[in-house]
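Colleague: The structure under discussion is supplied below as C-alpha coordinates; questions concerning it will follow.
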Amino acid sequence: MIDIEQRRKVQDLFQEGKYDSAEKILNRMIKEDPDEASILNTLGDVLLKLDRTEEALEHFSKAGQLYCINGLHSAALSVARKALRMDSEFAEAHYIKALSYDSQGKFEDAKKEYLLYLKSKPSLKEPPVLQSCNAMTRLDPDDNKWVIRFAKVAAANEDDVLLKQAIETAGNRN
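With our numbering applied, the sequence shown closes on residue 835, and no number is skipped along the way.
Structure representation (C-alpha coordinates):
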(Lines of atoms letter the chains of each structure in order from A and count residues from 1; the text may use other names and numbers.)
(Lines give C-alpha, C1' and ligand atoms only; values in the text may rest on other atoms or scores of the structure.)
Protein backbone atom coordinates (compact mmCIF):
# COMPACT_ATOMS: atom_id res chain seq x y z
CA MET A 1 0.00 0.00 0.00
CA ILE A 2 1.29 3.44 -0.92
CA ASP A 3 2.18 5.70 1.99
CA ILE A 4 0.59 9.05 1.12
CA GLU A 5 3.00 10.99 3.32
CA GLN A 6 5.98 9.50 1.52
CA ARG A 7 4.35 10.28 -1.83
CA ARG A 8 3.83 13.89 -0.77
CA LYS A 9 7.44 14.13 0.38
CA VAL A 10 8.64 12.77 -2.99
CA GLN A 11 6.42 15.25 -4.81
CA ASP A 12 7.76 18.14 -2.73
CA LEU A 13 11.37 17.06 -3.29
CA PHE A 14 10.71 16.72 -7.02
CA GLN A 15 9.20 20.22 -7.17
CA GLU A 16 12.21 21.60 -5.28
CA GLY A 17 14.63 19.89 -7.70
CA LYS A 18 16.01 17.59 -4.98
CA TYR A 19 16.01 14.56 -7.24
CA ASP A 20 18.66 12.55 -5.36
CA SER A 21 16.60 12.73 -2.17
CA ALA A 22 13.42 11.83 -4.04
CA GLU A 23 15.20 8.85 -5.59
CA LYS A 24 16.26 7.54 -2.17
CA ILE A 25 12.71 7.62 -0.85
CA LEU A 26 11.33 6.02 -4.01
CA ASN A 27 13.89 3.21 -3.83
CA ARG A 28 12.80 2.49 -0.24
CA MET A 29 9.17 2.50 -1.35
CA ILE A 30 9.95 0.05 -4.16
CA LYS A 31 11.63 -2.31 -1.70
CA GLU A 32 8.39 -2.29 0.30
CA ASP A 33 6.13 -2.66 -2.74
CA PRO A 34 8.04 -3.69 -5.89
CA ASP A 35 4.84 -4.13 -7.92
CA GLU A 36 3.47 -0.61 -7.46
CA ALA A 37 3.51 0.80 -10.99
CA SER A 38 3.02 4.42 -9.94
CA ILE A 39 6.18 4.35 -7.81
CA LEU A 40 8.19 2.85 -10.68
CA ASN A 41 6.79 5.48 -13.04
CA THR A 42 7.66 8.31 -10.65
CA LEU A 43 11.16 6.91 -10.16
CA GLY A 44 11.52 6.90 -13.95
CA ASP A 45 10.61 10.60 -13.99
CA VAL A 46 13.18 11.33 -11.27
CA LEU A 47 15.87 9.37 -13.10
CA LEU A 48 15.18 11.37 -16.25
CA LYS A 49 15.81 14.57 -14.29
CA LEU A 50 19.10 13.03 -13.16
CA ASP A 51 20.03 12.33 -16.82
CA ARG A 52 19.91 8.56 -16.26
CA THR A 53 17.77 7.78 -19.28
CA GLU A 54 18.52 4.05 -19.56
CA GLU A 55 17.52 3.44 -15.94
CA ALA A 56 14.44 5.60 -16.40
CA LEU A 57 13.39 3.56 -19.42
CA GLU A 58 13.75 0.32 -17.44
CA HIS A 59 11.44 1.69 -14.76
CA PHE A 60 8.94 2.95 -17.34
CA SER A 61 8.94 -0.51 -18.91
CA LYS A 62 8.24 -2.23 -15.58
CA ALA A 63 5.55 0.32 -14.73
CA GLY A 64 3.88 -0.06 -18.12
CA GLN A 65 3.79 -3.84 -17.86
CA LEU A 66 2.32 -3.65 -14.35
CA TYR A 67 -0.31 -1.16 -15.51
CA CYS A 68 -1.23 -3.65 -18.29
CA ILE A 69 -1.46 -6.54 -15.85
CA ASN A 70 -3.75 -4.46 -13.63
CA GLY A 71 -5.96 -3.47 -16.57
CA LEU A 72 -4.92 0.19 -16.43
CA HIS A 73 -4.37 0.49 -20.16
CA SER A 74 -4.56 4.28 -20.42
CA ALA A 75 -1.79 4.56 -17.83
CA ALA A 76 0.24 1.87 -19.63
CA LEU A 77 -0.11 3.69 -22.95
CA SER A 78 0.85 6.99 -21.34
CA VAL A 79 4.03 5.51 -19.86
CA ALA A 80 4.90 3.80 -23.16
CA ARG A 81 4.46 7.05 -25.09
CA LYS A 82 6.64 8.86 -22.56
CA ALA A 83 9.36 6.24 -23.00
CA LEU A 84 9.16 6.54 -26.79
CA ARG A 85 9.62 10.31 -26.51
CA MET A 86 12.88 9.61 -24.68
CA ASP A 87 13.97 6.88 -27.11
CA SER A 88 11.94 6.34 -30.28
CA GLU A 89 13.50 2.88 -30.69
CA PHE A 90 12.71 1.61 -27.19
CA ALA A 91 11.26 -1.79 -28.13
CA GLU A 92 9.65 -2.55 -24.77
CA ALA A 93 7.41 0.51 -25.14
CA HIS A 94 6.03 -0.92 -28.38
CA TYR A 95 5.39 -4.21 -26.61
CA ILE A 96 3.51 -2.44 -23.81
CA LYS A 97 1.43 -0.53 -26.35
CA ALA A 98 0.69 -3.81 -28.17
CA LEU A 99 -0.48 -5.50 -24.97
CA SER A 100 -2.68 -2.54 -24.08
CA TYR A 101 -4.27 -2.28 -27.50
CA ASP A 102 -4.74 -6.05 -27.70
CA SER A 103 -6.49 -6.10 -24.30
CA GLN A 104 -8.76 -3.26 -25.40
CA GLY A 105 -9.77 -5.03 -28.60
CA LYS A 106 -7.89 -2.54 -30.79
CA PHE A 107 -6.40 -5.33 -32.85
CA GLU A 108 -5.02 -3.35 -35.80
CA ASP A 109 -3.17 -1.03 -33.42
CA ALA A 110 -1.95 -4.05 -31.45
CA LYS A 111 -0.72 -5.75 -34.61
CA LYS A 112 1.21 -2.62 -35.63
CA GLU A 113 2.89 -2.38 -32.22
CA TYR A 114 3.75 -6.09 -32.04
CA LEU A 115 5.40 -5.73 -35.46
CA LEU A 116 7.37 -2.68 -34.32
CA TYR A 117 8.53 -4.61 -31.27
CA LEU A 118 9.55 -7.66 -33.30
CA LYS A 119 11.30 -5.53 -35.94
CA SER A 120 13.68 -4.35 -33.21
CA LYS A 121 15.15 -7.87 -33.36
CA PRO A 122 15.01 -8.73 -29.66
CA SER A 123 16.61 -11.94 -28.42
CA LEU A 124 14.46 -15.01 -29.04
CA LYS A 125 14.88 -15.84 -25.36
CA GLU A 126 12.96 -12.75 -24.24
CA PRO A 127 9.43 -13.76 -23.12
CA PRO A 128 7.77 -10.88 -25.00
CA VAL A 129 9.05 -12.33 -28.30
CA LEU A 130 7.20 -15.57 -27.67
CA GLN A 131 4.08 -13.73 -26.55
CA SER A 132 4.24 -11.38 -29.55
CA CYS A 133 4.57 -14.20 -32.07
CA ASN A 134 1.71 -16.05 -30.37
CA ALA A 135 -0.45 -12.91 -30.56
CA MET A 136 0.40 -12.45 -34.24
CA THR A 137 -0.86 -15.97 -35.03
CA ARG A 138 -4.23 -14.78 -33.72
CA LEU A 139 -4.16 -11.24 -35.13
CA ASP A 140 -2.96 -12.23 -38.60
CA PRO A 141 -4.55 -15.66 -39.12
CA ASP A 142 -4.05 -15.63 -42.90
CA ASP A 143 -0.27 -15.41 -42.64
CA ASN A 144 1.21 -18.80 -41.79
CA LYS A 145 4.68 -17.33 -41.24
CA TRP A 146 3.54 -16.33 -37.74
CA VAL A 147 2.79 -19.93 -36.82
CA ILE A 148 6.25 -20.92 -38.05
CA ARG A 149 7.92 -18.07 -36.14
CA PHE A 150 5.90 -18.89 -33.04
CA ALA A 151 7.04 -22.53 -33.28
CA LYS A 152 10.69 -21.52 -33.81
CA VAL A 153 10.66 -19.20 -30.80
CA ALA A 154 8.89 -21.81 -28.64
CA ALA A 155 11.52 -24.38 -29.67
CA ALA A 156 14.37 -21.93 -28.98
CA ASN A 157 12.92 -21.37 -25.51
CA GLU A 158 12.40 -25.10 -25.02
CA ASP A 159 8.76 -24.41 -24.17
CA ASP A 160 7.04 -27.69 -24.98
CA VAL A 161 3.56 -26.43 -24.09
CA LEU A 162 3.73 -23.50 -26.50
CA LEU A 163 5.48 -25.58 -29.15
CA LYS A 164 2.57 -28.02 -28.96
CA GLN A 165 0.18 -25.06 -29.24
CA ALA A 166 2.01 -23.83 -32.36
CA ILE A 167 1.81 -27.29 -33.93
CA GLU A 168 -1.91 -27.51 -33.14
CA THR A 169 -2.46 -24.04 -34.60
CA ALA A 170 -0.64 -25.08 -37.78
CA GLY A 171 -2.73 -28.26 -37.98
CA ASN A 172 -5.97 -26.32 -37.59
CA ARG A 173 -5.05 -24.03 -40.47
CA ASN A 174 -4.66 -26.83 -43.01
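A virtual CB, placed ideally from N, CA and C, is assigned to each residue, including glycine.
Could you round the C-beta distance between I757 and Q792 to whole angstroms and report it? I think they count as a contact, below 8 angstroms.
Modeller: Contact flag wrong, Cβ pair sits at about 12 angstroms.
Colleague: What are the start and end residues of each continuous alpha helix (DSSP H) run of 4 or more residues lying completely inside the stretch 797-828, in chain order?
Modeller: If we require 4 residues or more, the alpha helix (DSSP H) runs fully inside the stretch 797-828 come out as 806-817.
Colleague: Which of helix, strand or coil does DSSP assign to P789?
Modeller: Reduced to three states, the DSSP call for P789 is helix.
Colleague: Assign E715 to one of two classes, buried (16 or more other C-beta atoms within 10 Å of its C-beta) or exposed (fewer than that).
Modeller: E715 should be labelled exposed.
Colleague: Rounding to the nearest angstrom, what Cα-Cα distance links A736 and K710 in this structure?
Modeller: Straight-line Cα distance between these residues: approximately 21 angstroms.
Colleague: Rounded to the nearest angstrom, what separates L701 and K723 at their Cα positions?
Modeller: Taking the straight line from one Cα to the other gives about 7 angstroms.
Colleague: Are the CB atoms of L687 and L674 within a distance shorter than 7 angstroms?
Modeller: No, these two residues do not count as a Cβ contact at 7 angstroms.
Colleague: Which residue's Cα is closest to the Cα of L738: R810, M747, L760 and S749?
Modeller: Nearest option by C-alpha distance: L760.
Colleague: Alpha carbon to alpha carbon, how far is R810 from A816? Give it in angstroms, no decimals.
Modeller: Taking the straight line from one Cα to the other gives about 10 angstroms.
Colleague: Are A744 and F721 closer than 7 angstroms when you measure CB to CB?
Modeller: In contact: A744 and F721 (Cβ atoms closer than 7 angstroms).
Colleague: Report the residue from I828, Q667 and D712 whose alpha carbon sits nearest the alpha carbon of D694.
Modeller: Considering only alpha carbons, the answer is Q667.
Colleague: Quick one, which of K767, E774 and D763 has its alpha-carbon nearest E750's?
Modeller: That would be E774, whose Cα lies nearest to the Cα of E750.
Colleague: To which residues of the same chain is A717 closer than 6 angstroms at the C-beta, ignoring the five residues directly before and after it?
Modeller: Answer for A717: G705, L708 and L709, listed in chain order.
Colleague: Can you give the Cα-Cα distance for N818 and A827, rounded to whole angstroms?
Modeller: Cα to Cα, the separation comes out at about 13 angstroms.
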